[in-house]
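Here the structure comes first, spelled out in structure tokens, and everything after it is commentary.
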Amino acid sequence: MIFSRHCWFFLWGALTLIGAGRGYPGTILSIGHRGDSLRAPENTVAAFVACSNKADLVEWDVRVSADGTLVIMHDATVNRTTDGSGNVAALTLAQLKALDAGSKFSPSFAGERIPTLEEAITSTVPFATPLIEHKAGSAAAYLAELQRLGAITNVVVQSFDWNFLAALHALEPAIPLCALGNSILTPALLTNAMNAGARTVAWEQSRISAAEVSLVHDLGLKLFVWTVDGPAIKTFIDLGVDGIISNDPGMVRNFQQPATNGPVNFPAGLIAYWRMDDGLTNAMAVPVTDSKGTNTATLARGDGLSHWAGVETAMFGGCLQLDGLNASVLIPRTDSLDIGTNGLTLSLWVRLTRLPSQLGASYGAIFDSTNDAYVVYLDKGSKELRFKVTDVNNHAARPGIPETALQTNQWLHVVATYSGQASPIGGEAWIYLNGEAKDAHYGSDSNPPLGLTGNVKPGQFAAMGREGHTGASYFSGLVDDVAIWNRALNATEVATLHQAGQAGLSLGDLLRQPTALIQYRSIQLAEGNQVAITFQNMGTWKSFRLLRAASLSGPFLPIYELAPTNLSRGVYRFDCPRDAAPACYFRVEAY
């Protein structure tokens, strides 16, 4: 992330091992269920590789072929996931390898094969810990293969068969074990799991509440839950489980805010920005100025009143006060607002006067239109604040923020993003509240998530406070600092926008920084509990200083004893000792 002669970096958490996996302290391990099985055919190498940068552990199921090879397959037969039929145990490895394990999921994955245990491990260990679920086979067979592969302490083996776990533990106590279950959790059950050698239990989600989390932790065990998707992920994050097994490991990561340290570049792809400050100089202003200069809108008001609010009410400077009937902002249809890409972000600050269930009509049109290319609105039926996006193929998704997470009469930051490049077969739409991910939908809300990969549907005549220029749905509340990008902001950018707002900084304040002369390259954790911050000198600067703060608003304090290493060609790196704070913000100054 780059500002001026200052280069800002954000780091949340630090790498550690929590039983097994590569997570962050204070966060919950993300575990891909049969791989990233939402976006790739389950239990294939494609699904395992798709977990890269999403999962701390990757789970798969192991069975035994007719000729004794450990292979990856959940079901006892190959019927459901391949183009073949028959029992796994009755087919040789060669026969299993001849089957297509991808086409039933999507033609894009035609030719995917059933992996062996060796192929599963070697495709996963570069980025995550294998979580090997025993479905069939002896403890001796598993041990022999793990020993051959040198995978004893860098894997986890789990099973519903605790006798199998006990046998494997007796043969090799160094292998980490996890006991699977789906009954009511009791101290006696947990004692049995420990006696089998397990130090982690993985339990079916409907059996887990705060009481079970405490019970497991009080006995010194770790707790995984399965199989959790959608908004329920946030529920278990809040409960404090140790790992979440999900078909969507990326969502587990993204729901943990902040969980990334991605680049921040707000000017990139920004196509419209309405600051809502026009009323500060003219209380009867009609133009609603777009700071980009191409999408200035018109304030329509049927009652002749101002509908502008000042600094005492606004989030930043001034804002619009929409009354649900007499005022709306009519946005022109322009080439830039047609987006023209399969990426989109809509960011706005809103202050509600009613919750969705309190609406008199079915919808409350915050940023809305009649053709729903990309809109944000209150939905009375679902009791949500929703984002809907539609692509050129009329595939649509509608992630939403539940009413229970919303408040009236206070400013809320809502960000909606769409990326049609999330996977080869399906895009994704996210909605965030106050910097935190609240929901995501994939493809056309289908399973598997097909579609929603095309460019955003063009031709939208949108409005703020009304369902387009002619619709019958209105919105009552305040709106401020509305921006649109033709790309999907990453989670770090979303969090940064919200945190800057909490510090009194609008997007406009962030955009007013001078031209970047120091460019972010990477930030990562290195050996010895060090933070390695790499940046590019874009100017003629000769000296650099690293500053650190516990919050975005500062204060940033210089670390005088540190000097950067010159890596050549204008690339430098600071190696900074990691402190104990859960969140760190770094800034590089050049002089």
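For the record, in the sequence shown the residue sitting at position 522 is 1860 according to our numbering, with numbers rising by one throughout. Backbone N, C-alpha and C define an ideal beta-carbon position, used for all residues, glycine too. Keep in mind that this is a model prediction, so the values were computed, not measured.
Inter-residue spacing [alpha-carbon to alpha-carbon] between residue i and residue j
i, j, result
"P1445", "S1375", "15 Å"
"Q1862", "A1652", "38 Å"
"T1708", "G1424", "51 Å"
"N1620", "T1683", "30 Å"
"I1822", "P1762", "25 Å"
"Y1611", "D1499", "58 Å"
"V1551", "A1570", "16 Å"
"L1455", "L1487", "10 Å"
"L1561", "G1519", "11 Å"
"V1493", "V1539", "15 Å"
"G1809", "H1412", "50 Å"
"N1867", "R1916", "6 Å"
"H1807", "D1576", "41 Å"
"P1670", "S1844", "24 Å"
"P1694", "A1928", "49 Å"
"W1879", "L1885", "17 Å"
"A1404", "L1434", "10 Å"
"Y1923", "T1415", "52 Å"
"A1385", "F1654", "45 Å"
"L1900", "R1883", "8 Å"
"R1911", "S1860", "9 Å"
"N1585", "G1648", "47 Å"
"T1755", "W1687", "15 Å"
Cβ shell of residue i (< 6 Å), same chain only, five flanking positions each side left out
i, result
"H1779", "A1735, P1737 and A1767"
"H1733", "S1782, G1789 and L1790"
"G1908", "Q1874 and N1875"
"L1690", "T1746 and G1815"
"E1831", "V1602"
"L1637", "V1624, V1626 and V1667"
"R1850", "none"
"G1422", "V1416 and L1437"
"S1674", "I1609 and T1632"
Nonlocal neighbours in the same chain, by C-beta distance under 7 Å from residue i, ignoring five residues either side
i, result
"N1793", "I1677, G1678, T1679, N1680, D1729 and V1730"
"A1945", "This structure cannot settle anything about residue 1945, because the visible part of the chain is limited to 1339 through 1929."
"V1387", "S1461"
"A1448", "D1438, G1440 and S1441"
"S1629", "Y1611, R1613 and G1846"
"M1589", "I1571 and A1778"
Three-state secondary structure assigned by DSSP to residue i
i, result
"V1551", "helix"
"S1906", "strand"
"P1500", "The sequence given here has Trp at residue 1500, not Pro. Of the three classes helix, strand and coil, the one that applies to W1500 here is helix, per DSSP."
"Q1745", "coil"
"T1728", "strand"
"T1679", "coil"
"D1615", "coil"
"P1796", "coil"
"G1702", "strand"
"A1754", "strand"
"V1566", "coil"
"R1850", "coil"
"R1804", "strand"
"L1771", "strand"
"F1912", "strand"
Cβ-heavy atom distance, residue i to the ligand PLP, below 7 Å
i, result
"L1750", "Of ligands this structure carries none, so the ligand PLP is not represented either."
DSSP bridge partner residues for residue i (one or two, in chain order)
i, result
"S1584", "G1370"
"Q1543", "In DSSP, Q1543 forms no bridge with anything."
"R1689", "W1749 and L1816"
"S1860", "T1872"
"G1738", "R1724"
"G1519", "W1541"
"Y1780", "E1766"
"L1299", "This structure leaves residue 1299 out entirely; the chain is present only between 1339 and 1929."
"R1883", "E1927"
"R1591", "DSSP lists no partner for R1591."
Contacting residues, own chain, Cβ-Cβ under 8 Å from residue i (five flanking each side not counted)
i, result
"Q1543", "V1563, W1564, T1565, V1566, A1570 and F1574"
"T1420", "L1437, D1438, A1439, K1442 and I1452"
"S1811", "A1699, S1700, Y1701, G1702, A1703, D1706, Y1715, R1804 and E1805"
"L1895", "L1885, R1886 and A1887"
"E1483", "L1408, L1455 and E1456"
"E1511", "A quick correction: the sequence has Pro, not Glu, at residue 1511. Hits under 8 Å: G1535."
"L1744", "L1690, L1693, P1694, L1723, L1750 and L1771"
"I1490", "L1484, E1510, A1512 and I1513"
"P1479", "Reading the sequence as shown, one finds Ala at residue 1479 and not Pro. Correct list, in chain order: V1402, G1406 and L1408."
Test: residue i CB closer than 8 Å to a CB of chain E
i, result
"S1644", "Judged by its chain identifiers, the structure shown contains no chain E, having just a single protein chain."
* **Start-end ranges of the alpha helix (DSSP H) lying completely within the segment 1810 to 1842, minimum 4 residues** => Scanning the segment 1810 to 1842 for uninterrupted alpha helix (DSSP H) segments of 4 residues or longer gives 1829 to 1840, listed from N- to C-terminal end.
* **Length at least 3, wholly inside the segment 1365 to 1436: the beta strand (DSSP E) runs in chain order** => DSSP runs (the beta strand (DSSP E)) wholly in the segment 1365 to 1436: 1367 to 1371, 1395 to 1402 and 1408 to 1410.
* Which full runs of the beta strand (DSSP E) of 3+ residues lie inside the segment 1453 to 1509, going along the chain? -> The qualifying runs are 1467 to 1472 and 1494 to 1497.
* Asked: Which runs of the alpha helix (DSSP H) fall wholly inside the segment 1602 to 1671 and span at least 4 residues, in chain order?
  -> Secondary structure in the segment 1602 to 1671: no alpha helix (DSSP H) run of 4 residues or longer lies completely within the stretch.
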